[in-house]
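**Student:**
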Amino acid sequence: MTFIHIVPALPPDICGVGAYANNLACALLKQKGIRSDFIVIGQSRDARDIKRDFRAVHLGRRDPESFIQAIRKISDGPDGAMAQGPLRLILHYSPYGFQQFGLPFWLVPGLESAKKICAGKISLISFFHELDSVRSEIPPASFLLSKARLGLCRRIARLSDTVVTNNTVFAEALAKMRGSAGADIAVLPVSSNFGEPAVVGTLEKREPSLVVLGREYARKMVYADYADELQRTCNALKIKRVYDIGPPVSLGTIQRRLQAIRFVSLGVLPGEDISALLMRSLAGFIAFNKKEPGQSTVFAAHAAHGLLCIAEGGVAHSSVLEPAMGRHYVTTALLNGLNREKLQAISDAARRWYFDHAAIDHHVEFFSKCLLKAAP
């Protein structure tokens with residue numbers, strides 16, 4: 000039996016989806032003895048020669064023929080043919096990671112060809128990490144592109160034997176796309192890409208520092224769009240230092256505004272170093288930008304490490320599968336009305352929610368059952 004993850008990129012490239020898939024593959028091997036390999040769509044040239052514990056075939060050209068050749072290369076069939084045993088494809092779908100403008104038109108024909116060639120012995124498990132414009136208003140200039148992206152998602156969802164996503168809003172949209180087969184959409188909130196410490200310190204024992212972690216656009220949004228909220232948060236929690244973690248961004252404006260706070264630009268760090276900073280820091284600040292909290296790897300990391308999470312731009316939810324404002328994270332507006340005991344209760348609740356719903360063990364159990372069951 001051959002197990003293949005299809006991903007945009009793998010570490011050390013900065014790709015949350017790739018980091019998750021890498022962690023999942025390692026956990027499947029460690030906990031279940033399931034060894035899986037990778038087809039990598041957009042790995043940077045510098046990362047291609049890194050030695051790994053699994054095979055990683057990099058797609059030379061983004062077309063159906065190259066995709067089938069990559070599957071053949073991994074499955075080790077005779078004379079370049081597909082292997083005779085069962086084949087399980089795990090598609091980690093994030094449109095922009097697969098193609099510019101989020102439109103990998105080659106992917107559906109490639110998947111269709113694989114299912115045709117391996118008829119009766121192949122299963123496609125699709126994890127939709129992103130789904131375009133499900134909730135937000137679509138600007139007129141982007142309407143046609145958005146419609147095309149959703150059209151591709153619909154075709155992939157209907158082609159898949161199992162569909163999973165990371166939040167209930169996406170699950171509802173995918174169920175509609177799948178039609179009669181849509182009732183069984185699984186929801187797995189994302190897990191931490193920086194570890195899951197067994198024991199964490201209380202807020203009282205942590206240093207008065209705050210973490211801003213993530214990609215450039217997310218951190219720029221914190222410093223530009225939520226500068227007032229960040230300032231009020233630092234004042235309310237008596238923050239002395241802000242750790243900026245991720246690809247470099249300009250901190251000049253925010254530093255001039257918050258002159259009493261020391262900003263420490265740390266750049267891109269190894270996962271273990273990020274984990275160590277999260278373990279000793281008091282709080283983390285996130286701008287959700289109308290994204291679902293359950294799809295935030297940064298929230299997952301904060302919750303797993305016991306930080307108090309301050310988040311702006313979130314969306315209210317009633318599902319137990321979604322982190323809730325005021326229960327698992329707070330906005331700046333709520334901070335002044337909460338004492339340290341209540342803030343500790345929120346941090347504890349977020350960590351319990353994480354291990355009840357989002358920890359990597361839940362993902363391992365789900366995927367191991369999908370991978371080992373008979374093909375449809």
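Residue numbers are given in numbering that gives the first Met the number 0: position 319 of the sequence shown equals residue 318, and the series is strictly consecutive.
Glycine included, C-beta positions come from ideal geometry on N, C-alpha and C.
Since we're looking at a predicted model, the values are computed, not measured.
1. What is the DSSP secondary structure of R134, counted as helix, strand or coil?
2. Taking all protein chains shown into account, do 16 or more other C-beta atoms lie within 10 angstroms of the C-beta of Q42, making it buried, or fewer, making it exposed?
3. Looking only at its chain, what residues have a beta carbon closer than 6 Å to the beta carbon of P139, apart from the 5 residues adjacent to it on each side?
4. Is any heavy atom in the ligand FAD found nearer than 6 Å to the beta carbon of H4?
5. Would N335 be called buried (16 or more neighbouring beta carbons within 10 Å of its own) or exposed?
6. Give me the residue from A24, M0 and S274 with the minimum Cα distance to D360.
7. Using C-beta distances below 7 Å, list every residue in its chain close to Q30, excluding the 5 sequence neighbours before and after it, in chain order.
8. Indicate whether P207 and K237 have their beta-carbon atoms separated by less than 7 Å.
9. By the DSSP assignment, the alpha helix (DSSP H) with E203 in it spans what residues?
10. What is the C-beta distance between P247 and G266, in whole angstroms, given that I count them as a contact (C-beta under 8 Å)?
11. Quick check on M176: buried or exposed, where buried means 16 or more other Cβ atoms within 10 Å of its Cβ?
12. Grab the span of the beta strand (DSSP E) containing L88 for me, first residue to last.
13. Per DSSP, what kind of secondary structure is L158 in: helix, strand or coil?
14. Measure from the alpha carbon of R339 to the alpha carbon of each residue in L130, A282, I40 and I124, then state which is nearest.
15. Whose C-beta lies closer than 8 Å to the C-beta of L102 among residues of the same chain, with five residues either side of it excluded?
16. Relative to the C-alpha of H4, which candidate in L333, K50, L86 and K290 has its C-alpha closest?
17. Within 10 angstroms of its Cβ, does D243 collect 16 or more other Cβ (buried), or is it exposed?
18. Specify the secondary structure class of F354 as computed by DSSP and reduced to three states.
19. Look at G270 and F193 and say whether their C-beta atoms are less than 7 Å apart.
20. Does the distance from the C-beta atom of A174 to that of L130 stay below 7 Å?
21. Around the C-beta of D52, are 16 or more other C-beta atoms found within 10 angstroms, so that it is buried, or is it exposed?
22. Looking at the secondary structure, which residues open and close the alpha helix (DSSP H) in which F169 lies?
23. Taking 7 Å as the threshold (C-beta atoms), are H91 and V6 in contact?
**Tutor:** If we stick to the structure as given:
1. Confidence is the limiting factor: at R134 the pLDDT is only 48, short of 50, which leaves the residue's position unreliable, though a coordinate-based value still follows. R134: coil per DSSP, three-state reduction.
2. Counting other Cβ atoms within 10 Å of its Cβ, Q42 reaches 16 or more and is therefore classed as buried.
3. With a pLDDT of 47 at P139, under the threshold of 50, the predicted position of this residue should be treated as unreliable, and no value is reported.
4. The ligand FAD is not among the ligands present in this structure, which contains no ligands whatsoever.
5. Looking at its Cβ environment, which holds fewer than 16 other Cβ atoms inside 10 Å, N335 is exposed.
6. Minimum Cα distance to D360 is reached at A24.
7. Only V363 meet the Cβ criterion.
8. Yes, the Cβ-Cβ distance between P207 and K237 is below 7 Å.
9. Per DSSP, E203 lies in no alpha helix (DSSP H) and is assigned neither H nor E.
10. Indeed, because the Cβ distance is near 6 Å, the residues count as touching under 8 Å.
11. Result: buried.
12. For L88, the enclosing beta strand (DSSP E) stretches over residues L86 to Y92.
13. In this structure, DSSP gives L158 a helical state, which the three-state scheme calls helix.
14. It is A282.
15. Hits under 8 Å: P94, L144, A147, R148 and L151.
16. The residue with the shortest Cα to Cα distance from H4 is L86.
17. D243 is classed as buried because its beta carbon has at least 16 other beta carbons within 10 Å across all chains shown.
18. Correct three-state label for F354: helix.
19. Contact flag set, yes.
20. For A174 and L130, no; Cβs fall outside 7 Å.
21. So D52 ends up on the exposed side.
22. That run of the alpha helix (DSSP H) goes T167 to R177.
23. Yes, the Cβ-Cβ distance between V6 and H91 is below 7 Å.
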